[in-house]
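Novice: Pasting a structure here, questions to come.
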Amino acid sequence: MEFDYIIIGGGSAGCVMASRLSENPAYSVLLIEAGSQDKHPLYHWPAGFAKMTKGIGSWGWDTVPQRHMQRKIFRFTQAKVMGGGSTINAQIYTRGARQDYDEWRQLGCVGWSYDDVLPYYKKSEDNDSFDDAYHATGGPLAVSQPRAPLPVCDAFFDAAAELGIPRNFDMSGQAQDGVGFYQLTQRDARRCSSAKAYLSHARHRKNLQILTDSQVKRLYLIDGRASHVEMQNGDLHKARAEIILSCGAVGTPRLLQLSGIGDSECLKQAGIEPVLHLPEIGKNFQDHLDLYCIAELSGHHSYDKYANPFYAAAALIRYLLTRTGPVASSLFETGGFWYVDHAARSPDVQMHLGLGTGIEHGVVAMPTGGITLNSCYLRPRSRGTVLLAGPHLSQAPLIDPNYLADEHDRAMSIAGLKLTQKILGAKALAPFIRQEQLPGPDVISDEAYFAYICQHSKTSHHAAGTARMGADKASVVDVRLRVRGVDGLRIVDNSIMPQLISSNTNAAAMMIAEKASDMMKADQRS
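Letter by letter, the sequence shown follows residues 7 to 532 of our numbering.
This is the structure in structure tokens:
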């Protein structure tokens, strides 16, 4: 029951850590995942994403009522399956802007500038289209071009061009600006999750043990060192070297707080005896609020008709035989980055074109078929919290993104929504679109837009920041991701982001783990 390294959380970062740390046969590694193995076929079919935000492979948590959004409660999907978010997401591979990481460096995170992190993005990558200064081949993570775009996607590019938004063939390369096809974490039209990419071969190593359907109850500190993890069934596992938390921006602060590590006053209010006062744990919570326009189409120009069981069966047979068609689509493989604040140094709004309606939980479906154009403001100033509702593992955490607490976020979000309306109303899309359904022509004033947002919005699934990295003493982890005030404990996931990056966050989680594993290997040699 003793291991050199214990990794808690088999998600996007945890699978990377388990693979990289077990490369050295001299060290034993235990990977613990609360969810099951990723055996269900929907986890591997790209279009299976349509089922993911509706319950499969997640904890089933909601946010607290959002006080700046008319008390709206959001479904807040957090993965509970091997591979984590990379097993249930829309497989979009983006990295953010150079500015994001250079600002981390300016905040004191030495070693985390864009030039510092780019080699780790490249190390992980096996790109089917690019091998250049920004991309590489030969890594474990497959990154590929979409297999199943539709003609409406090209019309979307032309519509954006009417507004002066250029085409961009590599939004993870030299610049983000523009619209295009997102690259996807897929290989041979199948999802390439972190579990698939990093554990397919590593799981057979004798020095790596993997536990699934196994939930950690708490961590134990002995003489200021993280030494043991207690399982829900009472089992204890000891770490000789280090414990690595990779439970994500919600799960990581939750487990720390259940272990008595966090803001002492908040812990006492939740019925937890404080062990170590680290007041910023669970604070600095950031996410992208996702808004959407829905347009009814003039014909079968999207994948909505495949909601019909007959068409769905035909699409599945086609996919199994040819790896093409609707099942090969991630459904959100088209989009781009642009500006709503023209003083911004890099794009501050992101769009995802959904090739259908009702794809995600709570989003309206069009009976006659349609498309969905999402937008999110990428640089929110609002900050939220992840705190405990009580002392028991069975209690869901209090997830509070605190959306639109800052007036600037509200204004920029509305501006992004108006931009998507202009694109959908452009001449190039006229042959495809019968009419805009949401927000619709009656939404004119900013007050009406705000009321609409409070009804029709969702998370972008980009949670970050709850265990902030920094050089200052108030930060939760230092620049080597070691938890302050504790020996033998690191955090390796998106909770360490001091500021949320301006894009999807899954590729960043794997980059963070690649960099962390190199730092830990350097520590082994010292």
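Idealized CB from N, CA, C, for every residue including glycine.
Got a sec: does the ligand ATP put a non-hydrogen atom nearer than 8 Å to the Cβ of Gln505?
Specialist: You won't find the ligand ATP in this model; it holds no ligand whatsoever.
Novice: In the structure shown, what three-state DSSP assignment does Trp344 receive?
Specialist: Trp344 falls in the strand class under three-state DSSP.
Novice: Quick one: Cα of Val116 to Cα of Met503, how far?
Specialist: Their backbone Cα atoms lie some 13 Å apart in a straight line.
Novice: For Glu8, does the count of other Cβ atoms within 10 angstroms reach 16, so buried, or fall short, so exposed?
Specialist: By the 10 Å Cβ count, Glu8 comes out exposed.
Novice: Which residue comes first and which comes last in the alpha helix (DSSP H) that contains Val22?
Specialist: Segment Ser18 to Leu27, the alpha helix (DSSP H) holding Val22.
Novice: So the alpha helix (DSSP H) Lys464 belongs to, where does it begin and stop?
Specialist: First-last for Lys464: Ser463 to Thr465, but that is the beta strand (DSSP E), not the alpha helix (DSSP H).
Novice: Might you give, ordered along the chain, the residues of its own chain that have their beta carbon closer than 8 Å to the beta carbon of Ala276, omitting 5 neighbours on each side?
Specialist: Gln263, Leu393, Leu394, Ala395, Gly396 and Pro397, listed in sequence order.
Novice: For Gly257, which of helix, strand or coil comes out of DSSP?
Specialist: In the structure shown, Gly257 sits in a helix (DSSP, three-state: H, G or I).
Novice: Excluding the 5 residues preceding and the 5 following Gly300 in the sequence, name in chain order all residues of the same chain whose CB lies nearer than 7 Å to its CB.
Specialist: Sequence inspection shows Ile at residue 300; the Gly mentioned does not correspond to that position. Thr363, Val370, Met372, Gly376, Thr378, Gln443 and Leu444, listed in sequence order.
Novice: Can you give me the start and stop residues for the beta strand (DSSP E) that Asn133 sits inside?
Specialist: That run of the beta strand (DSSP E) goes Glu131 to Asn133.
Novice: According to DSSP, is Tyr33 helix, strand or coil?
Specialist: DSSP places Tyr33 in coil when its eight states are reduced to three.
Novice: In this structure, what does DSSP give as the bridge partners for Leu214?
Specialist: According to DSSP, which records beta bridges pairwise, Leu214 is partnered with Val35.
Novice: Use the C-beta contact count for Ala319: other C-beta atoms within 10 angstroms, 16 or more gives buried, fewer gives exposed.
Specialist: By the 10 Å Cβ count, Ala319 comes out exposed.
Novice: Can you give the beta carbon distance from Asp499 to Gly114, rounded, assuming they're within the 8 Å contact cut?
Specialist: The pair is not a contact, with the Cβ atoms about 20 Å apart (cut-off 8 Å).
Novice: Would you decide whether Thr143 is buried or exposed? Buried here means 16 or more other CB atoms lie within 10 Å of its CB.
Specialist: Exposed is the call here.
Novice: Name, in chain order, the residues that DSSP records as bridge partners for Asp296.
Specialist: BP columns for Asp296 point to Cys382 and Lys464.
Novice: Following the continuous alpha helix (DSSP H) through Phe438, name the residue where it begins and the one where it ends.
Specialist: Careful: Phe438 lies outside any alpha helix (DSSP H) and carries neither H nor E.
Novice: Quick check on Met525: does DSSP put it in helix, strand or coil?
Specialist: Note: Met525 maps to helix in three-state DSSP.
Novice: What would DSSP say about Gln530, mapped onto helix, strand or coil?
Specialist: Residue state, collapsed to three classes: helix.
Novice: Taking the alpha-carbon positions, what's the Gln112 to Ser119 distance?
Specialist: C-alpha separation (whole angstroms): 8 Å.
Novice: CB-CB under 8 Å to Ile420, same chain, minus the five flanking residues each way: which ones, in chain order?
Specialist: Excluding sequence neighbours, Ile420 sits near Asp452, Tyr455, Phe456 and Ile459.
Novice: Span of the alpha helix (DSSP H) holding Gly422?
Specialist: Taken as a continuous stretch (DSSP letters only), the alpha helix (DSSP H) holding Gly422 covers Glu413 to Leu430.
Novice: To test your reading of the DSSP string, which unbroken alpha helix (DSSP H) runs of 4 or more residues are found completely within the region 39-126?
Specialist: Taking only runs of at least 4 residues, the alpha helix (DSSP H) segments lying wholly in the region 39-126 are 55-58, 91-94 and 104-112.
Novice: Starting from the Cα of Asp412, find the closest Cα among Tyr33, Thr59, Arg73 and Asp44 and give me that residue.
Specialist: Of Tyr33, Thr59, Arg73 and Asp44, the residue nearest in Cα terms is Arg73.
Novice: Quick check: the Cα distance between His306 and Asp68, rounded to an integer number of angstroms?
Specialist: Whole-angstrom Cα-Cα distance: 34 Å.
Novice: Just tell me which of Pro125, Gly186 and Ser150 has its CA closest to the CA of Asp132.
Specialist: Measuring from the Cα of Asp132, the nearest candidate turns out to be Ser150.
Novice: For Val492, which of Gly268, Tyr325, Ala350 and Leu435 has the nearest alpha-carbon?
Specialist: Considering only alpha carbons, the answer is Gly268.
Novice: Are Gly422 and Val346 close, meaning C-beta to C-beta below 9 Å?
Specialist: Yes, Cβ-Cβ distance for Gly422 and Val346 is below 9 Å.
Novice: Which one of Gly184, Arg246 and Lys129 has the shortest CA to CA distance from Ala103?
Specialist: Ala103 has its Cα closest to that of Gly184, out of Gly184, Arg246 and Lys129.
Novice: Cutting at 6 Å between CB atoms, please list the residues of its own chain near Pro71, excluding the five before and the five after it.
Specialist: Closer than 6 Å at Cβ, skipping near neighbours: Arg77 and Ile79.
Novice: So Tyr226 is in the alpha helix (DSSP H); what residue range does that whole segment cover?
Specialist: No alpha helix (DSSP H) holds Tyr226; the beta strand (DSSP E) holding it covers Val222 to Ile228.
Novice: Any idea if Arg531 is buried or exposed, counting beta-carbon neighbours within 10 angstroms, 16 or more meaning buried?
Specialist: When all chains shown are included, Arg531 counts as exposed.
Novice: Could you give the first and the last residue of the continuous alpha helix (DSSP H) run that contains Ile13?
Specialist: Per DSSP, Ile13 belongs to no alpha helix (DSSP H); it is in the beta strand (DSSP E), Glu8 to Ile14.
Novice: Whether or not the region 10-29 and the region 91-98 are in contact is what I'm after, with contact meaning three or more pairs of Cβ atoms, one per stretch, closer than 8 Å; do they touch?
Specialist: They touch, by the three-pair rule.
Novice: Hey, would you say Ser42 sits closer than 9 Å to Asp241, going by beta carbons?
Specialist: The answer is no: Cβ separation not under 9 Å.
Novice: Leaving out five residues on either side along the sequence, give the residues of the same chain with a beta carbon under 8 Å from the beta carbon of Arg209.
Specialist: The answer, listed in chain order, is Ile216.
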